[in-house]
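Sequential numbering of the sequence shown, starting at 36, is according to this note's numbering.
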Amino acid sequence: MTKLIPILIDNQRIIQLSQLTVDQANDLRSFLPVSSIRQLIYEGMELTDCIDFETYEYWFQSNHVGHYSASTIWDI
Numbered sequence: 036m037t038k039l040i041p042i043l044i045d046n047q048r049i050i051q052l053s054q055l056t057v058d059q060a061n062d063l064r065s066f067l068p069v070s071s072i073r074q075l076i077y078e079g080m081e082l083t084d085c086i087d088f089e090t091y092e093y094w095f096q097s098n099h100v101g102h103y104s105a106s107t108i109w110d111i
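Here's what the structure looks like:
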């Protein structure tokens with residue numbers, strides 16, 4: 036999975052859940068408290084599915100980085 040690049044709005048780094056695949060967005064939604072999904076207005080557009088990039092980055096690191104099979108580890 037490719038890591039998203041954050042959007043900078045009012046000095047806040049955010050991502051939109053809609054930038055992810057449906058499965059990834061659902062996985063991340065189940066990981067988050069509902070209160071962490073925010074609505075922001077950016078250049079007249081309402082962005083309804085924003086989360087802090089740091090939260091996304093933590094989820095990404097803990098769920099998608101370093102998942103190797105045992106055979107790969109022992110083959111080194």
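All residues carry an ideal CB built from backbone N, CA and C; glycine is no exception. Quick caveat: nothing in here was measured; it's all calculated off a predicted structure.
Helix, strand or coil at residue i [DSSP, three-state]
i     : result
Glu81 : strand
Asp58 : helix
Leu52 : helix
Leu63 : helix
Nearest residue (CA-CA) to residue i, options the options
i     : options                    : result
Phe95 : Tyr77, Met80, Leu52, Asp45 : Leu52
Tyr93 : Cys85, Leu75, Phe66, Val57 : Phe66
Leu75 : Leu43, Leu39, Tyr91        : Leu43
Glu89 : Thr83, Glu78, Leu82, Ser71 : Ser71
Residue i, buried or exposed, once every other Cβ within 10 Å from all chains shown has been counted against 16
i     : result
Ile40 : exposed
Tyr91 : buried
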